[in-house]
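Asker:
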């Protein structure tokens, strides 16, 4: 394992922020794995930390293929993480809206540029991603539909779902999208949580990443093949939102299978305690995303249901 | 007349209400409608005073108005109320979610209602301040894609500068882009600094909007002679970013003309007092952006200079 500083930035009042990359093996730039770009992506950092630990042992056992290298960057924004902030400390900008970056630009553009220069030439890229809304996910992997690659590799993670996303304008400045523009096959891996570490979901993400590395012949070792992956377009997911605001009382959790008509949640009057609305599933499906807030506004997406 | 554009329930008894003040007079079948929109980012307040001035003045002098002026002072009222740039409880920039969706999250649903309400107006003016970090002279920003359609109107607004910039894909989700692509001519004004009101700039734009109304045949009252703005066409913009970290002390007035190599300010190390960077102008031209917030990292924008076009 080689530990090096991928990018460094100075603050007037703190120690410099050194973004650390851990490299395993040598030769061809095979796969780069990026963890937290935001200060609350604690599980994303923890997954990468576990990967560093696993790859260190695998490298010692000679399990990294000849002339292949893997780089892991667990956290590219610990300035924000250390003060409990999701976005950049000073101007609240999002590093994952600054790619491919600009070396003469603003601070987060420079961080994105410094990071991207070090990682853009890898054949495969995996970002441990999080969602802007508070909530828990069924672990899955996603690619941006940039019409440049096949999506069969989604199966190599051995997760139950692989999603294909049609990019929105704001996606064009994300790491994943720009990786793909540079010819890297890029994936976003969503673990269950963002701002806390789930033991099982961390292990699921670590195993999925190692499985992918084995499938791509970057690692040579025996691993459980994982699940069959159902690949589908993200727009097939059924969004369930609430029409009333109040206290959210969920009746199902991520991973639960629900029949059409099955109760998903109730909305409780916040001052009087009575049930003011009940939301039932419109389809037979699996709970794929569940909002984790206690209070809901009107129109809040509280569940995503995977059909079938 | 105060009207609700969008209403949605918040968790505990309160509603989020987006309001507009409709001022109308002498309505004819083909009369025009102009929309003034601001408050997308909760820390940008310059537009508040422009809207307040317009609402009061137009209401008190309605006899000179022909048509409809819709004033939307706060399309992100929760943000303004809580000194929050974005839409509280929603981690995306509100000006990156247009055109919104009737079936989306609360912010997307509000965005949809706003677009639906403004769409079809003859002109929309979307007023932004800078953020808390930078001070801007009053300016209209247009993309090259919309220049032909919007430039004549930009000249009517009494601004000091018209910046015609290249289009960026990410900006396709702004309110202005959404409306322009739907045929509602929308001009973005930037001026002043975040969290403050610069009275002179607000009055300058207020006079520009009255002039626009006059040019559209909607206003028969008095107006002032508007300024002839500097235009960025064929003139480069020089960016001056800090390479060092420290505190920035400017030493030149915002809006000045500067020469190549002229001192704009210094970056000092706060613990030793040593100068760690001399910030000098990269070109001759107009200093249209100057940093307001003193603490800087490597990369922090200190100034922007519009080149004088002499190479």
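Protein chains in written order, with this note's numbering: chain A, 566 to 873; chain B, 539 to 849. A virtual CB, placed ideally from N, CA and C, is assigned to each residue, including glycine. None of the values given here were measured: they were computed from a predicted structure.
#1: Buried or exposed, going by whether 16 or more other CB atoms sit within 10 Å of the CB of residue 560(B)?
#2: In whole angstroms, what separates the C-alpha of residue 729(A) from that of residue 716(A)?
#3: Can you confirm whether the segment 605-616 of chain B touches the segment 565-576 of chain B when touching is taken to mean that 3 or more C-beta pairs between the two stretches lie within less than 8 angstroms?
#4: Run through DSSP, which three-state label would residue 721(A) get?
#5: Return the chain-ordered list of same chain residues with a C-beta closer than 8 angstroms to the C-beta of residue 820(B), the five sequence neighbours on each side being excluded.
#6: Starting from the C-beta of residue 762(B), find all residues in its chain whose C-beta is less than 6 angstroms away, skip the five residues before and the five after it, and write them out in chain order.
#7: To which residues of the same chain is residue 760(A) closer than 6 angstroms at the C-beta, ignoring the five residues directly before and after it?
#8: From which residue to which residue does the alpha helix (DSSP H) around residue 666(B) run?
#9: Whole angstroms are fine: how far does the CA of residue 733(A) sit from the CA of residue 709(A)?
#10: Could you spell out the range, first to last residue, of the alpha helix (DSSP H) harbouring residue 744(A)?
#11: Alpha carbon to alpha carbon, how far is residue 599(B) from residue 688(B)?
#12: What are the residues in the segment 806-821 of chain A lying within 8 angstroms of chain B by C-beta distance?
#13: So, using beta-carbon positions, are residue 749(B) and residue 764(B) closer together than 7 angstroms?
#14: Cutting at 6 angstroms between CB atoms, please list the residues of its own chain near residue 822(B), excluding the five before and the five after it.
#15: Between residue 774(B) and residue 807(B), is the Cβ-Cβ spacing less than 7 angstroms?
#16: Skipping 5 residues on each side, what residues in its chain have a beta carbon closer than 6 angstroms to that of residue 666(B)?
#17: Tell me which residues share the same chain as residue 680(B) and place their Cβ nearer than 8 angstroms to its Cβ, disregarding the 5 neighbours each side in the sequence.
#18: Give me, in chain order, the residues of the same chain whose beta-carbon lies closer than 7 angstroms to that of residue 631(B); leave out the 5 immediate sequence neighbours on both sides.
#19: Could you check where the beta strand (DSSP E) with residue 613(A) kicks off and where it finishes?
#20: Where do the N-terminal and C-terminal ends of the alpha helix (DSSP H) with residue 715(B) fall, by residue?
#21: Starting from residue 571(B), trace the alpha helix (DSSP H) both ways and give me its first and last residue.
#22: Contact criterion: CB-CB distance below 7 angstroms. Does residue 576(A) meet it with respect to chain B?
#23: Leaving out five residues on either side along the sequence, give the residues of the same chain with a beta carbon under 6 angstroms from the beta carbon of residue 754(B).
#24: Counting only C-beta atoms, is residue 737(A) closer than 7 angstroms to chain B at any point?
#25: Given that a residue counts as buried once 16 or more other Cβ atoms are within 10 Å of its Cβ, and exposed if not, what is residue 549(B)?
Answerer: For this structure:
#1: The C-beta of residue 560(B) has fewer than 16 other C-beta atoms within 10 Å across all chains shown, which makes the residue exposed.
#2: When rounded, the distance between both Cα atoms is 8 angstroms.
#3: Flag = yes, the segment 565-576 of chain B and the segment 605-616 of chain B touch.
#4: Looking at residue 721(A) - three-state DSSP - the assignment turns out to be helix.
#5: The residues are 776, 777, 778, 798 and 843.
#6: Taken in chain order, the residues that qualify are 745.
#7: Taken in chain order, the residues that qualify are 605 and 607.
#8: In the DSSP assignment, residue 666(B) falls outside any alpha helix (DSSP H) and within the unbroken beta strand (DSSP E) covering 661-667.
#9: Going by the C-alpha atoms only, they are around 10 angstroms apart.
#10: Where residue 744(A) is concerned, the enclosing alpha helix (DSSP H) stretches over 740-746.
#11: Answer to the nearest angstrom: the Cα atoms are 28 angstroms apart.
#12: Taking 8 angstroms as the Cβ-Cβ cut-off, the segment 806-821 of chain A approaches chain B at 806, 809, 810, 811 and 812, given in chain order.
#13: It is a contact, given that the beta carbons lie within the stated cut-off.
#14: Excluding residues within five positions, the ones whose Cβ falls inside 6 angstroms are 797, 798 and 846.
#15: Residue 774(B) is not a Cβ neighbour of residue 807(B), given a cutoff of 7 angstroms.
#16: Taken in chain order, the residues that qualify are 582 and 728.
#17: Excluding positions up to five away in sequence, the list reads 688, 689, 692, 700, 701, 702, 703, 725 and 726.
#18: Once the five neighbours on either side are set aside, the close Cβ partners of residue 631(B) are 624.
#19: Counting along the chain, residue 613(A) falls outside any beta strand (DSSP E), though it belongs to the alpha helix (DSSP H) covering 607-625.
#20: Residue 715(B) -> alpha helix (DSSP H) spans 713-719.
#21: No alpha helix (DSSP H) holds residue 571(B); the beta strand (DSSP E) holding it covers 571-576.
#22: Chain B, which has a Cβ nearer than 7 angstroms to the Cβ of residue 576(A), makes this yes.
#23: Apart from sequence neighbours up to five positions away, the residues of its chain that approach residue 754(B) with a beta-carbon distance below 6 angstroms are 570, ordered along the chain.
#24: Closer than 7 angstroms to the CB of residue 737(A) there is at least one CB belonging to chain B.
#25: Looking at its Cβ environment, which holds 16 or more other Cβ atoms inside 10 Å, residue 549(B) is buried.
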